[in-house]
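*Asks:*
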Amino acid sequence: MAKPTSKSLVIVESPAKARTISKFLGSGYQVEASVGHVRDLPGGTKDIPKKYKKEPWAYLGVNVEKDFEPVYIVPADKKKQVDKLKDALKDADSLYLATDEDREGEAISWHLFELLKPTVPVHRLVFHEITKDAIQHALDTPREIDDGLVRAQETRRILDRLYGYDVSQLLWRKVGRGLSAGRVQSVAVRLIVQRERERIAFHNATYWDLEAIFTTANGDSLPATLSTVSGRKIPSGKDFDPDTGKLINTQLLQMDEAESKELAERLRSGEFQVTKVEVKPFVERPKAPFTTSTLQQEANRKLGMTARRCMQAAQRLYENGYITYMRTDSTTLSTEAVNAARDLVRSEYGDKFLHESVRTYQGKVKNAQEAHEAIRPAGTPFRVPSAVQGELDSDQFRLFELIWKRTVACQMADAKKQRISVTVSGGECTFTASGTSILFEGFLRAYVEGSDDPEAELADKERLLPSVSENDPLGVAEMDPKSHTTQPPARFSEASLTRTLEEKGIGRPSTYASIIDTIQKRDYVYKKGSALVPSWTAFSVIRLMETHFEPLVDYDFTAQMEDFLDTISRQEAESLAYLKGFYFGDDEDIEFPADHKAAVGLKKRLAEKIEEIDPRVSAMFSLGTPEQGENREEVFVRVGKYGPFLEQGERKAPILEGTPPDEMSLEKAMELFDAAAREDEPLGVHPETGKNVYIKAGRFGQYIQLGEKDDEEKRNQSIPRSINPEDVNFEIACQLLTLPRNLGNNPENNEPVMAHDGRYGPYVKCEKETRSLPAGVSPLEVTFDEAIKLLKEPKKRGRAAPKEPIVKFEKNSPVTEQEVKILEGRFGPYATDGETNASIPRGTDAKEVTFETALDLLAERAAKGPSKKKKKKKAVKKKAAKKKTAKKKAAKKKTAKKAAKKKGIIKKE
1 MAKPTSKSLV IVESPAKART ISKFLGSGYQ VEASVGHVRD LPGGTKDIPK
51 KYKKEPWAYL GVNVEKDFEP VYIVPADKKK QVDKLKDALK DADSLYLATD
101 EDREGEAISW HLFELLKPTV PVHRLVFHEI TKDAIQHALD TPREIDDGLV
151 RAQETRRILD RLYGYDVSQL LWRKVGRGLS AGRVQSVAVR LIVQRERERI
201 AFHNATYWDL EAIFTTANGD SLPATLSTVS GRKIPSGKDF DPDTGKLINT
251 QLLQMDEAES KELAERLRSG EFQVTKVEVK PFVERPKAPF TTSTLQQEAN
301 RKLGMTARRC MQAAQRLYEN GYITYMRTDS TTLSTEAVNA ARDLVRSEYG
351 DKFLHESVRT YQGKVKNAQE AHEAIRPAGT PFRVPSAVQG ELDSDQFRLF
401 ELIWKRTVAC QMADAKKQRI SVTVSGGECT FTASGTSILF EGFLRAYVEG
451 SDDPEAELAD KERLLPSVSE NDPLGVAEMD PKSHTTQPPA RFSEASLTRT
501 LEEKGIGRPS TYASIIDTIQ KRDYVYKKGS ALVPSWTAFS VIRLMETHFE
551 PLVDYDFTAQ MEDFLDTISR QEAESLAYLK GFYFGDDEDI EFPADHKAAV
601 GLKKRLAEKI EEIDPRVSAM FSLGTPEQGE NREEVFVRVG KYGPFLEQGE
651 RKAPILEGTP PDEMSLEKAM ELFDAAARED EPLGVHPETG KNVYIKAGRF
701 GQYIQLGEKD DEEKRNQSIP RSINPEDVNF EIACQLLTLP RNLGNNPENN
751 EPVMAHDGRY GPYVKCEKET RSLPAGVSPL EVTFDEAIKL LKEPKKRGRA
801 APKEPIVKFE KNSPVTEQEV KILEGRFGPY ATDGETNASI PRGTDAKEVT
851 FETALDLLAE RAAKGPSKKK KKKKAVKKKA AKKKTAKKKA AKKKTAKKAA
901 KKKGIIKKE
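Residue numbers 1 to 909, in the UniProt record's numbering, belong to the letters of the sequence shown in order.
Right under this line is the structure:
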C-alpha cells in the first residue's frame with residue numbers, strides 16, 4: 001500500500017480559525033486546532049505529578065525552591081486533542097505554529113513545540129487578519145518563537161499563581177470560603193469599593209434657581225437659567241464640598257425654596273432684554289480606531305454588551321475573517337487599510353466628507369502586543385455591513401458595523417460646530433442660555449461616540465436657539481423655581497472600570513472581560529442596572545488587604561508589575577530576581593529592577609499575618625452612634641458566614657440582600673433594629689398548634705414563623721410576592737401557614753391537587769404535574785376549578801413537554817451527519833448535532849446564532865471530551881449499586897441454602 005502524501009501541519013487555537021484558514025491553503029496543508037492552551041500549571045493537588053506531591057511547594061505547582069520552575073501538565077480534557085495533534089504530526093513534513101501574535105498565543109506555540117517534540121522543520125506564522133493575502137504573507141515570512149513573549153507570559157502566570165493561591169487561602173481562613181484574590185482582580189475590586197466609600201462619605205446639598213422661558217418679538221421661545229442675583233452668582237453642583245455638603249465659596253447665593261418662589265413671583269412682571277450674544281465656532285475631530293479597551297467601552301455604552309459578550313463576538317468575527325485581531329493596544333492602521341477607509345468615505349459619503357490628508361493616531365507602543373494594527377474590518381477593500389449582515393448573528397453584526405463605522409470615520413473631515421451663549425438681564429438678575437449648532441457634519445455623518453455620562457452626551461447634541469441680538473426686548477412666558485440636589489460620584493460601569501484600569505496601567509485590556517466576570521462570580525460585585533455595586537464581603541476583603549498587604553492592592557505597584565512584564569517581553573529584563581523579591585523579600589540581598597518596589601516578601605508576610613489578622617476587625621464597619629433613644633451603643637455592619645447583618649451590642653438585625661452599602665445609613669439601621677424588635681412580639685397564638693406566630697425578616701425578605709427560634713418543630717413560610725408584607729396581619733399569617741392547601745382530589749386520578757408557594761413563585765401541583773399560577777393569583781385564593789384548568793394546559797417548560805427548537809438549520813453536521821439545531825435547556829439555550837451539546841454563550845441571542853457559529857461551539861465542546869463530573873458520579877453510583885446488589889445476592893443465597901437444608905435438598909454437615 002502506497003504511503004499517503006505528506007502534508008504540512010498547521011496548528012491554530014480554535015476550530016473556527018482552523019476552518020477559515022484551511023479555505024486559503026491548498027491540499028498540501030492540514031489545519032488543526034489546539035483548542036486553547038495544551039499545557040498549564042496543575043489546577044489542584046490532585047493534578048500534581050506523583051513525584052512532587054510531598055514537596056512543600058507542590059500545592060502551588062511552582063518549584064519556588066528551584067528558581068521558580070513551573071510544573072506543567074496536560075489537563076485531562078486536553079489529552080485527547082494532544083494525541084490527535086501528535087498523530088497528525090507523524091505524517092507531516094513540516095510544522096507551522098499559527099497561534100495569535102501576543103503573549104498567550106506565543107506561549108501556546110512554545111508549549112506545542114515542547115510537547116510535540118517535532119523532528120520536522122518548525123515555522124512560526126504570524127498574521128493579524130485571516131485573509132488570503134495575510135496568510136500568504138505569513139507563509140512567505142515565517143519567524144521563530146519569540147522567547148521574550150514566552151518568558152513574559154510565564155512570569156505573569158507564575159506571579160498570578162503565587163499571589164492568587166496563597167492570598168486566596170488566607171481569605172478562606174479569615175473571611176469566607178470560595179473567595180479569591182488576584183493581581184488585577186483585587187485592585188479592580190478596590191477601585192469599586194473606594195468609589196462606594198466616596199458615595200457613603202458624600203453629603204447631599206440642595207440649592208434652588210429659576211428656569212425661565214422668554215419670548216422674542218417674533219414669538220420664538222428662548223429657555224434660560226438664572227445665573228446671578230444682584231451680582232451674586234448662583235452655585236452649581238461643583239461649588240459644594242462633597243464631604244460636608246456646604247458651599248465652598250460663601251460669596252455665592254444659595255437660595256431656599258421660599259426665596260426662589262418669592263424671586264420668581266417678582267420677576268414674572270419684570271422687563272428683560274438681551275445684553276450679550278457670543279458665538280464661538282469650534283471643530284470636533286473623530287476618535288482613533290478601536291483598541292481592545294475602547295471597543296469594550298463603546299460596545300458597553302452603545303450596544304449594552306458586557307466586556308465578555310463583546311469579546312466573544314469579536315473573537316468569532318476575527319476567526320471567521322471579518323475583522324483584524326481583536327487584542328491590541330495600537331491605534332495605527334496600515335497604508336492599505338487607510339486607503340480602503342478613504343475610498344469608502346468617497347463612495348459612501350462624498351469627497352467633501354473626506355479629510356484632506358491621511359489621519360494618523362499616536363499611541364504608546366511598548367511591546368509586541370501593540371505591534372498589531374487597530375481593530376478594523378479585515379482585508380481590502382472593506383466589505384460594507386449590508387453585504388455581511390446575512391452571514392452574522394445579531395451581536396456579531398452590530399459589533400462589525402460599529403468597527404466599520406469607527407474605522408471609516410477616522411479618515412473623515414472634522415465636524416464644524418458653533419456654541420452660542422446669550423445673556424438676558426432684568427430686575428437685577430441675569431439669565432444665561434446656551435446652544436450648539438452643527439455647521440458641517442463631517443465624520444458625525446458616519447459615527448458619534450457614546451458617553452459614560454448621559455447628561456454630557458445630551459449636552460453634545462445640537463441645541464438651537466432663536467436668532468436674537470443685543471438690546472432685543474424679551475417677554476416672560478414662564479418663570480419657575482427649580483430645586484437641584486448634588487449627586488455622589490457615579491458607580492463604575494463595565495465601560496468606565498475598563499477605562500480606569502487602562503488609564504492606571506493595571507492589567508491588560510484582553511483580560512478585563514474575565515476579571516469583571518470573576519469579581520461578580522465571587523460575589524464581590526453585583527450589577528444594579530449597568531452599575532457595579534460592591535458587596536459588604538468586598539469591603540471586608542479590601543480592608544484586610546489594605547491593612548496587611550497594602551502593596552498588593554496599590555495602584556502604582558500593580559502598574560509597575562505590568563511595566564516590568566513588558567520589559568521581559570522586550571527582553572530588556574530577567575524575571576528571576578523579581579520573582580524572588582516578590583515571594584521571599586530582600587533577605588537574599590537581591591538587586592531589584594530600578595523604580596520597582598519588588599520586595600513584597602509575600603511568603604514571610606503571610607506567615608507573620610496569619611495569627612495577627614483578627615477577622616472580626618476586618619469584618620466590622622461602624623455606622624456611627626445614635627444621639628437619641630435609650631440605646632446609645634455604636635452600630636456596626638458585620639460580615640458573617642451567612643452574609644452581612646447589623647449589630648448594636650446584643651441587638652442584631654438582618655440586611656436585606658441587594659441593599660447597596662451606601663444606602664445603609666445609621667437612620668436606616670435604627671429602623672431595621674426597631675423592625676427586628678417588633679419581630680419578637682408575636683402576632684398571636686395559632687388556634688390549632690397553640691404556638692406563637694411571628695413575622696420575621698431575613699436576608700431574602702420577610703416571612704412567617706410558627707413557633708419559637710429554638711423550637712425543633714418550628715416552621716417558616718415565605719410571603720408570596722403577590723402579598724405586601726406590610727399588609728400581613730395575624731389572620732393572613734395563619735392562612736399562609738395552611739400552605740400547601742389541599743384544593744380537592746383530581747377526578748381523573750383521584751389524587752390531591754395542592755396550591756404551593758415556592759422559590760420561583762406560587763404554583764399548583766397534582767402528583768408530578770406542576771403549573772405556575774398567573775401573575776396576581778395568590779395560592780391562598782386559587783380555586784379548585786382554576787387549578788384543574790391550569791393542570792390541563794400544556795406544560796410551558798420542563799422535560800414533560802419538549803419545546804420546539806429555537807432554530808433548525810437546513811444543513812446537517814459534517815461530523816455526525818445529523819440535524820443541527822438550537823434548543824432551550826434547563827440552564828439556557830444550547831446547540832446540538834445529535835451527539836454533542838454546546839451551550840450558547842451568555843448574552844448571545846440564540847435566534848441569531850448562525851450555522852457556522854453552531855459548528856464552532858460544537859467542535860470546541862467535542863474537543864474537550866465528556867464531562868469528568870458526570871463520569872465520576874456515574875462510577876460512584878454503579879459501584880454503590882454493585883455493592884448493594886452483591887449483599888442482597890449473598891443474603892438471598894444464604895436464605896435459600898438454609899431453606900434447602902430444612903427440606904433435605906442439601907445434606908447437613
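Glycine is no exception: its CB is placed at the ideal position from the N, C-alpha and C atoms.
Just so it is clear, the structure is predicted and the values come from calculations on it, not from any experiment.
Determine, using beta carbons only, whether Y59 and Y165 come nearer to each other than 8 Å.
*Replies:* Result yes, Cβ atoms of Y59 and Y165 sit closer than 8 Å.
*Asks:* Would the region 303-322 count as touching the region 395-412 if we require 3 or more Cβ pairs under 8 Å?
*Replies:* Contact holds: three or more Cβ-Cβ distances are below 8 Å.
*Asks:* Between the beta-carbon of Y96 and the beta-carbon of L171, is there less than 8 Å?
*Replies:* No, Cβ-Cβ distance for Y96 and L171 is not below 8 Å.
*Asks:* Please look up how many angstroms separate the CB atoms of L116 and S34, rounded, as I've assumed it's under 8 Å.
*Replies:* Actually they are not in contact, since the Cβ atoms of L116 and S34 sit about 10 Å apart, beyond 8 Å.
*Asks:* What runs of the alpha helix (DSSP H), each 4 residues or longer, lie entirely inside the region 480-532?
*Replies:* As far as the region 480-532 is concerned, its whole alpha helix (DSSP H) runs of at least 4 residues are 494-503, 509-521.
*Asks:* Indicate whether the contact test is met: 3 or more Cβ pairs, each with one atom in the region 326-333 and one in the region 854-864, closer than 8 Å.
*Replies:* Output reads no: the region 854-864 does not touch the region 326-333.
*Asks:* What do you get for A409, buried or exposed, if any count of 16 or more other CB atoms within 10 angstroms of its CB means buried?
*Replies:* By the neighbour-count rule (16 or more Cβ atoms within 10 Å), A409 is buried.
*Asks:* Across which residues does DSSP place K765 in a beta bridge pair?
*Replies:* M754, T770.
*Asks:* Counting beta carbon pairs with one atom in the region 803-814 and one in the region 754-767, are three or more of them shorter than 8 Å?
*Replies:* No: fewer than three Cβ pairs fall under 8 Å.
*Asks:* Comparing alpha-carbon positions, which option in G61, G758, S467 lies nearest I420?
*Replies:* Comparing Cα-Cα distances from I420 to each of G61, G758, S467, the minimum goes to S467.
*Asks:* Along the chain, where does the beta strand (DSSP E) that runs through Q717 open and close?
*Replies:* Run containing Q717: 715-718, per the beta strand (DSSP E) assignment.
*Asks:* How many Å lie between A227 and R309 at the Cα?
*Replies:* Note that residue 227 is Ser in the sequence shown here, rather than Ala. Straight-line Cα distance between these residues: approximately 46 Å.
*Asks:* What is the rounded straight-line gap between the Cα of E502 and the Cα of N692?
*Replies:* Roughly 58 Å between the two C-alpha positions.
*Asks:* Am I right that L125 and P142 are in contact with their C-beta atoms under 8 Å? What's the rounded C-beta distance?
*Replies:* Yes, L125 and P142 are in contact; Cβ-Cβ is about 6 Å, under 8 Å.
*Asks:* Name the one or two DSSP bridge partners that E647 has.
*Replies:* Note: E647 sits in a beta bridge opposite F636, K652.
*Asks:* When you compare the CB positions of T537 and V635, do they come within less than 8 Å of one another, or not?
*Replies:* Result no, Cβ atoms of T537 and V635 do not sit closer than 8 Å.
*Asks:* On the premise that T816 lies in contact with G834, defined as a C-beta separation below 8 Å, what is that separation, rounded to the nearest angstrom?
*Replies:* About 5 Å; that satisfies the 8 Å criterion.
*Asks:* Secondary structure at H355, three-state DSSP: helix, strand or coil?
*Replies:* H355 falls in the coil class under three-state DSSP.
*Asks:* For Q251, name the three-state secondary structure that DSSP assigns.
*Replies:* Of the three classes helix, strand and coil, the one that applies to Q251 here is coil, per DSSP.
*Asks:* Within its chain, find whatever has a CB closer than 7 Å to the CB of A188; leave out the 5 residues flanking it on each side and keep chain order.
*Replies:* Closer than 7 Å at the Cβ level, and outside the excluded window around A188, lie L497, L501, I515, I519.
*Asks:* In or out: K17 buried (at least 16 other Cβ within 10 Å) or exposed?
*Replies:* Buried, because 16 or more other Cβ atoms sit within 10 Å of the Cβ of K17.
*Asks:* Return helix, strand or coil for S839, following the three-state DSSP convention.
*Replies:* Note: S839 maps to strand in three-state DSSP.
*Asks:* Any heavy atom of the ligand GDP within a distance shorter than 7 Å of the CB on P687?
*Replies:* By its list of ligands, the structure shown contains no ligand whatsoever, and the ligand GDP lies outside what it can speak to.
*Asks:* Taking the DSSP output, what are the residues bridged to F214?
*Replies:* According to DSSP, F214 bridges with L222, V476.
*Asks:* Ends of the alpha helix (DSSP H) at K609?
*Replies:* Run containing K609: 602-612, per the alpha helix (DSSP H) assignment.
*Asks:* Taking the Cβ atom as the reference point for each residue, do P774 and D757 lie within a distance shorter than 8 Å?
*Replies:* Not a contact, by the Cβ cut-off of 8 Å.
*Asks:* Would you call D472 buried or exposed, if buried means 16 or more other Cβ atoms sit within 10 Å of its Cβ?
*Replies:* Result: buried.
*Asks:* Between which residues of its own chain and K174 is the CB-CB distance below 8 Å, once the five residues before and five after are set aside?
*Replies:* Closer than 8 Å at Cβ, skipping near neighbours: L544, I613, P615, S618.
*Asks:* Could you have a look at P121 and say whether DSSP puts it in helix, strand or coil?
*Replies:* Residue state, collapsed to three classes: coil.
*Asks:* Starting from the Cα of L579, find the closest Cα among F68, K51, R39 and give me that residue.
*Replies:* Here the closest residue by C-alpha is F68.
*Asks:* Pick out the complete beta strand (DSSP E) segments inside the UniProt domain "Toprim" (7-131), 3 residues or longer, and give them in chain order.
*Replies:* If we require 3 residues or more, the beta strand (DSSP E) runs fully inside the UniProt domain "Toprim" (7-131) come out as 7-12, 29-33, 92-97, 122-124.
*Asks:* Report yes if the CB atom of F382 is closer than 8 Å to the CB atom of A340, and no otherwise.
*Replies:* Taking 8 Å as the Cβ cut-off, F382 and A340 qualify as a contacting pair.
*Asks:* Starting from the Cα of A675, find the closest Cα among R721, P725, V637, Q136 and give me that residue.
*Replies:* Selected option, being the one with the closest Cα: P725.
*Asks:* Among E470, L25, P660, which has the Cα closest to the Cα of E196?
*Replies:* Ranking E470, L25, P660 by Cα distance to E196 puts P660 first.
*Asks:* In terms of residues, what are the limits of the beta strand (DSSP E) holding Q705?
*Replies:* Counting along the chain, the beta strand (DSSP E) containing Q705 begins and ends at 701-706.
*Asks:* Suppose contacts are defined by Cβ-Cβ distances below 8 Å. Is A98 in contact with I21 by that definition?
*Replies:* Yes.
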